[in-house]
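From first to last, the protein sequence lines stand for chains A and B. Counting in this note's numbering, the first sequence runs from 38 upward without gaps. Counting in this note's numbering, the second sequence runs from 13 upward without gaps. Presented below is the structure to which this report refers.
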Amino acid sequence: DGGITQSPKYLFRKEGQNVTLSCEQNLNHDAMYWYRQDPGQGLRLIYYSQIVNDFQKGDIAEGYSVSREKKESFPLTVTSAQKNPTAFYLCASSIDWSQPQHFGDGTRLSIL
Amino acid sequence: GQNIDQPTEMTATEGAIVQINCTYQTSGFNGLFWYQQHAGEAPTFLSYNVLDGLEEKGRFSSFLSRSKGYSYLLLKELQMKDSASYLCAVRRDYNTDKLIFGTGTRLQVFP
Numbered sequence: 038d039g040g041i042t043q044s045p046k047y048l049f050r051k052e053g054q055n056v057t058l059s060c061e062q063n064l065n066h067d068a069m070y071w072y073r074q075d076p077g078q079g080l081r082l083i084y085y086s087q088i089v090n091d092f093q094k095g096d097i098a099e100g101y102s103v104s105r106e107k108k109e110s111f112p113l114t115v116t117s118a119q120k121n122p123t124a125f126y127l128c129a130s131s132i133d134w135s136q137p138q139h140f141g142d143g144t145r146l147s148i149l
Numbered sequence: 013g014q015n016i017d018q019p020t021e022m023t024a025t026e027g028a029i030v031q032i033n034c035t036y037q038t039s040g041f042n043g044l045f046w047y048q049q050h051a052g053e054a055p056t057f058l059s060y061n062v063l064d065g066l067e068e069k070g071r072f073s074s075f076l077s078r079s080k081g082y083s084y085l086l087l088k089e090l091q092m093k094d095s096a097s098y099l100c101a102v103r104r105d106y107n108t109d110k111l112i113f114g115t116g117t118r119l120q121v122f123p
């Protein structure tokens with residue numbers, strides 16, 4: 038079955054450490070997105086990519102980085118510059134801008 | 013600024029009908045989405061409105077009034093499994109699917 042796979046499901050980060058969250062899709066979607074979800078807040082867009090080898094900052098990109106070297110993969114790195122990284126991270130993809138986004142099951146990141 | 017408002021929590025009884033409202037004030041508008049999210053899980057797409065009126069899909073319907081900046085999601089014949097958060101999201105611009113999400117409405121369905 039086609040879908041979006043995020044790994045790991047739970048991740049712990051030490052102070053000053055970079056961590057990378059994986060997002061893979063086999064839906065042949067061009068567009069991919071990373072969101073952050075905090076309690077009591079809506080999903081906020083971190084980065085998005087509408088095509089391979091291209092990506093754009095979202096509303097809260099500071100302290101994060103991404104790459105889009107392959108159509109099916111859009112990893113997110115949470116750097117040590119992100120001072121409040123504890124959150125639920127959701128990856129999504131869509132065929133193109135006009136179609137609904139489909140989400141992965143998320144990665145919950147916590148600080149040790 | 014960009015603002016999307018939804019009630020924080022709602023409760024309803026199994027078999028009943030519930031209406032979840034969403035009002036928005038955004039710099040542009042090119043469609044409104046509703047998603048369902050069970051606790052700790054991925055949001056799943058429910059409906060999309062870009063023109064005024066009602067879109068019906070089984071037990072779920074969604075309504076849009078662009079002039080009023082208003083949408084609602086109507087859930088009929090409520091089931092226990094409908095207990096979840098319902099997220100309203102607005103696409104601001106044409107040729108982009110950057111979405112602004114509301115904080116979500118947590119619906120609890122009781123027997």
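In this text, a Cβ means the ideal position worked out from N, Cα and C, and glycines have one as well.
Chain-order list of residues whose beta-carbon lies under 6 angstroms from that of residue i (same chain, five-residue window excluded)
i, result
"F70 (chain A)", "Reading the sequence as shown, one finds Tyr at residue 70 (chain A) and not Phe. Cβ neighbours of Y70 (chain A) beyond the five flanking positions: Y85 and A129."
"F122 (chain B)", "T25"
"R78 (chain B)", "D64"
"F45 (chain B)", "Y60 and A101"
"L86 (chain B)", "Q31 and S73"
"N15 (chain B)", "Q37"
Per-residue burial, residue i [other beta carbons within 10 Å of its own, 16 or more giving buried]
i, result
"F49 (chain A)", "exposed"
"D64 (chain B)", "exposed"
"Q62 (chain A)", "buried"
"G116 (chain B)", "buried"
"I148 (chain A)", "exposed"
"R71 (chain B)", "exposed"
"G95 (chain A)", "buried"
"G114 (chain B)", "buried"
"D94 (chain B)", "buried"
"T144 (chain A)", "buried"
"I29 (chain B)", "exposed"
"P137 (chain A)", "buried"
"H139 (chain A)", "buried"
"A51 (chain B)", "exposed"
For residue i, the nearest candidate out of the options (CA to CA)
i, options, result
"E52 (chain A)", "A:F125, A:Q119 and A:Q138", "A:Q119"
"Q78 (chain A)", "B:R104, B:W46, B:V30 and B:T20", "B:T20"
"Q54 (chain A)", "A:T123, A:T116, A:P122 and A:Q138", "A:T116"
"P122 (chain A)", "A:T42, A:Y101, A:L64 and A:N90", "A:Y101"
"Y98 (chain B)", "B:F113, B:G27 and B:R118", "B:R118"
"K80 (chain B)", "B:F57, B:C34 and B:D94", "B:C34"
"A98 (chain A)", "A:T114, A:K108 and A:S110", "A:T114"
"S131 (chain A)", "B:R104, B:Q49 and B:K110", "B:K110"
"N90 (chain A)", "A:R73, A:L80, A:P76 and A:K108", "A:K108"
Integer Cβ distance of residue i from residue j, believed to fall under 8 angstroms
i, j, result
"E68 (chain B)", "N61 (chain B)", "That belief does not hold up - the Cβ atoms of E68 (chain B) and N61 (chain B) are roughly 11 angstroms apart, past 8 angstroms."
"D142 (chain A)", "A101 (chain B)", "The pair is not a contact, with the Cβ atoms about 19 angstroms apart (cut-off 8 angstroms)."
"L58 (chain A)", "Q43 (chain A)", "7 angstroms"
"A124 (chain A)", "Q74 (chain A)", "6 angstroms"
Close Cβ partners of residue i (< 7 angstroms) along its chain, the five nearest in sequence each way excluded
i, result
"T23 (chain B)", "Q120 and F122"
"I88 (chain A)", "D67"
"I112 (chain B)", "Q14, I16, T38, A101, V102 and R104"
Spatial neighbours of residue i in its chain, beta-carbon cut-off 8 angstroms, leaving aside the 5 residues before and after
i, result
"G43 (chain B)", "Y60, N61, V62, V102 and R103"
- Enumerate, from N- to C-terminal direction, the unbroken beta strand (DSSP E) stretches of 3 or more residues contained entirely within the segment 47–112 of chain A. 47–50, 56–62, 68–74, 81–88, 91–94 and 101–103
- Item | Every unbroken alpha helix (DSSP H) within the segment 38–119 of chain B, with a cutoff of 4 residues, ordered by chain | none
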